[in-house]
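J.: Following this message is one structure expressed as structure tokens.
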Amino acid sequence: MSWTIFVYGTLKRGEPNEEVLTDTGTGQFELLGKATTLPKYPLVVASKYNIPFCLKEPGKGHRIVGEVYNIDADKLKALDELEAHPTFYCREIIEVEMASGEVKEAWIYLLPTWKPSLLEESSEMLVEYSSKGSHGREYVTSENCESEEDLWK
Ligand code: PCA
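So the sequence shown is numbered by full-length UniProt numbering: it starts at 1 and just counts up by one.
Quick look at the structure:
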């Protein structure tokens, strides 16, 4: 399993898309543990489906808490499909710190572009995402989200 991935949103254990990661029908995975990003990022819940987004603006927000997995190429393909990489989220390599203090390189899905108003409206920048968190914006499953534009209506 040659890919290391850091997940911070709906792919985490107990979150709405965890099965996309843990379904062994679409590839293999191994949980390495919890970790924190070395850079800070703005982590916001936004759009009409209440999607968690880590915005590609390192240095702003907080160091984000998530989970690190080793996955195989099949699983990476399944995740890229869900996250619509590279047309929506963009998968990039960043540094994350494991609970042990070990620093690893891992892939993360970042939102590369957004409307300026997004950061102003979502005044709350999270450290650790949970769909049922105190932000009060529970994730809405959107199997038939037709277009990216539809998200922001
Ligand atoms: N899924 C990916 C990116 C945001 C999301 O909801 C993740 O959990 O890391």
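In this text, a Cβ means the ideal position worked out from N, Cα and C, and glycines have one as well. It should be emphasised that the depicted structure is a prediction, and the values quoted were computed from it without experimental measurement.
Kindly indicate which residue of Val44, Pro39, Gly14 and Gln28 has the alpha-carbon position closest to the one of leucine 119.
T.: When each option's Cα is compared against that of leucine 119, the closest is Val44.
J.: Distance check for methionine 1 and aspartate 72, CA to CA, integer angstroms please.
T.: Each residue's Cα considered, the two are about 4 Å apart.
J.: Hey, could you find the ends of the beta strand (DSSP E) lysine 104 is sitting in?
T.: Where lysine 104 is concerned, the enclosing beta strand (DSSP E) stretches over 103-110.
J.: Helix, strand or coil for leucine 11 per DSSP?
T.: It is coil, neither helix nor strand.
J.: CA-CA distance, valine 7 and leucine 110?
T.: Rounded to the nearest angstrom, the two C-alpha atoms are 10 Å apart.
J.: Secondary structure at valine 127, three-state DSSP: helix, strand or coil?
T.: Valine 127: coil per DSSP, three-state reduction.
J.: Can you tell me where the alpha helix (DSSP H) with lysine 34 in it begins and where it stops?
T.: Where lysine 34 is concerned, there is no enclosing alpha helix (DSSP H), although the beta strand (DSSP E) it sits in stretches over 29-41.
J.: So, is glycine 25 buried or exposed, given that buried needs 16 or more other C-beta atoms within 10 angstroms?
T.: So glycine 25 ends up on the exposed side.
J.: How big is the Cα-Cα spacing for alanine 106 and leucine 32?
T.: Using only the alpha carbons, I get a separation of about 11 Å.
J.: Using DSSP's beta-bridge definition, name the partner residues of phenylalanine 53.
T.: Answer is Val44.
J.: Comparing C-alpha positions only, which one of Gly61, Ile93, Glu149 and Ser130 sits nearest to threonine 4?
T.: Answer by Cα proximity: Ile93.
J.: Any idea which residues DSSP pairs valine 96 with across the strands?
T.: Thr37 and Lys104.
J.: Just to confirm the assignment, what range does the beta strand (DSSP E) spanning valine 140 have?
T.: Valine 140 -> no beta strand (DSSP E), and no H or E assigned at all.
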